[in-house]
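Residue numbers (my numbering): 19 to 334.
Heads up, the beta-carbon is just placed ideally off N, CA and C, and yes, glycines get one too.
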């Protein structure tokens with residue numbers, strides 16, 4: 019039995035549910051603790067009564083330290099601030115031996131137990147960004163990614179987790195400053211700062227838009243465990259943006275096609291329960307035009323915007 023936790027609000031609910039359902043397809047030997055970051059998400063998740071899931075409200079979770087700095091953080095920044103606190107809450111409240119944090123925009127293609135087993139008797143599991151050289155942002159975004167992290171309820175595990183929680187409460191913002199960025203740059207020196215740290219070696223854990231260019235996912239020799247759908251968003255109900263990185267047609271078909279279809283199915287299910295609200299985080303922003311100076315700048319940085327109609331992605 020592996021214990022996982024995640025956090026999201028109603029704007030991310032369809033992605034959070036897709037993550038959960040993909041995990042459930044790969045294993046039933048798990049329990050997932052979902053921290054609902056607004057009342058809409060909490061009410062709908064409670065109504066769904068998901069198997070292997072405990073839903074936790076902000077009222078249950080937030081303590082005085084978090085509440086005291088909440089007004090100083092944007093919505094996304096507050097989620098980042100709370101990440102170590104959610105792991106700590108699960109370990110202490112539910113008396114867990116270990117807990118693995120999952121970003122809500124992960125999607126599982128294999129059983130993640132193999133990743134946790136790799137850490138052996140170590141107490142902390144980190145995953146590297148493994149940037150494709152053209153997209154290397156290690157200096158500003160960090161060597162490691164807060165996407166899939168395991169902490170054991172040991173002296174070494176809790177020492178690192180408590181340190182990280184206090185650091186994020188002190189400073190956690192969406193910009194680079196004095197060697198810090200969000201909750202993530204804090205991890206850069208952990209292999210030296212703390213004992214019992216293991217850096218994941220399995221390449222199938224941590225595939226993401228910033229590194230997928232390095233891999234042949236269609237090869238039988240590559241065991242994909244999860245993909246991180248970073249910066250994926252719905253612009254409208256029928257149009258999606260895949261982010262700022264180059265994605266070839268094969269990877270769009272292998273990864274984004276099943277993901278978009280799954281999200282559409284979940285959205286239809288949610289609408290049958292509550293047609294008064296949108297739970298897909300539709301941005302409503304205008305897609306970039308090729309003459310847009312911001313886009314030109316991004317292209318010079320070897321990045322592109324990938325905007326597609328959903329029918330184009332999901333077609334046979």
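Item                                                                                                 : Value
Helix, strand or coil at residue 230 [DSSP, three-state]                                             : helix
Helix, strand or coil at residue 254 according to DSSP, with G and I counted as helix                : strand
N-terminal and C-terminal residue of the beta strand (DSSP E) that residue 116 is part of            : 116–120
Opposing strand residues paired with residue 259 [DSSP bridges]                                      : 251, 325
Opening and closing residue of the alpha helix (DSSP H) in which residue 131 lies                    : 131–136
Reduced DSSP category for residue 141 - H, G, I as helix; E, B as strand; rest coil                  : coil
Candidates 269, 331, 112, of which the one nearest residue 237 by Cα                                 : 269
Residue range of the unbroken beta strand (DSSP E) whose run includes residue 24                     : 20–26
Collapsed DSSP secondary structure at residue 195 in the structure displayed                         : strand
Reduced DSSP secondary structure (H/G/I, E/B, other) of residue 50                                   : strand
Per-residue burial, residue 64 [other beta carbons within 10 Å of its own, 16 or more giving buried] : exposed
DSSP three-state assignment for residue 220, whether helix, strand or coil                           : coil
Cα-Cα separation, residue 254 to residue 175                                                         : 42 Å
Buried versus exposed, by CB contacts within 10 Å (16 or more), residue 141                          : buried
Contact set for residue 101: own chain, Cβ-Cβ below 8 Å, skip 5 residues either direction            : 25, 119, 164, 186, 201
Beta carbon of residue 30 nearer than 9 Å to that of residue 123                                     : yes
Per DSSP, cross-strand counterpart(s) of residue 246                                                 : 124
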